[in-house]
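Numbering (the UniProt record's numbering), first residue to last: 1 to 114. Okay, so here's the structure we're looking at.
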C-alpha cells in the first residue's frame, strides 16, 4: 500500500510504501526536506515530528528519540513507516543547528547560547 507524505515546512510531497522507511522514499523521490545521516537509527540527523497521520517506528537510539519523544510524535525518518498519509516537520540535529543562516550554538542577541 502506498501513502502520501507531505513535509509541513516546504509543502513537498512524495509517495512511500507501507514497508519502506520514509527517508528512503524521500530520497528516491528527489526530495531533500530532511537531512541524511547514518540511515540506521543512531545519529538523530533525520529526526522528524509527525504532525498528522498513523505510523510505526522501528528500532532507533533512545538517546535520539526517547519514550517521551516517541509518544509526543517524534521519530527518525530512517526508522519511520507510514500506516496512513503523513504530514511531517523536519526537526533533526542539522535542521536545529541552522537558524537564520547561523549556527544554533552561536550566541543569541542576549549573548546566551540557544
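Backbone N, C-alpha and C fix where the C-beta goes; we use that ideal spot for every residue, glycine too. Computed from a predicted structure; not experimentally measured.
Determine the contact status of residue i and residue j, defining contact as a CB-CB distance below 8 Å.
i, j, result
"residue 46", "residue 27", "no"
"residue 89", "residue 8", "yes"
Among the options, which has the Cα closest to the Cα of residue i?
i, options, result
"residue 77", "55, 30, 2", "55"
"residue 21", "60, 62, 79", "79"
"residue 52", "59, 75, 67", "75"
"residue 60", "41, 87, 37", "41"
CB-CB under 7 Å to residue i, same chain, minus the five flanking residues each way: which ones, in chain order?
i, result
"residue 34", "23, 26, 46, 48, 77, 90, 92"
"residue 63", "none"
"residue 50", "73, 75, 86, 88"
"residue 143", "Any property of residue 143 remains undetermined from this structure, which presents the chain solely from 1 to 114."
Short of 6 Å in beta carbon distance, which residues of its chain neighbour residue i, apart from the five on each side in sequence? Order them along the chain.
i, result
"residue 12", "31, 33"
"residue 43", "37"
"residue 58", "79"
"residue 99", "Because the pLDDT at residue 99 is just 42, under 50, the model does not fix this residue reliably, and the value given afterwards should be weighed accordingly. Nothing meets the Cβ criterion."
"residue 16", "3, 5, 22, 25, 82"
Between residue i and residue j, how many whole angstroms is the CB-CB distance? I'm expecting something under 8 Å.
i, j, result
"residue 14", "residue 85", "Actually they do not touch by this definition, with Cβ atoms about 11 Å apart."
"residue 81", "residue 39", "Their Cβ separation, rounded to whole angstroms, is 14 Å, which puts residue 81 and residue 39 out of contact at 8 Å."
Less than 8 Å between C-beta atoms, sequence neighbours within five positions excluded: which residues of the same chain meet that for residue i?
i, result
"residue 6", "12, 13, 85, 86, 87, 88"
"residue 1", "17, 18"
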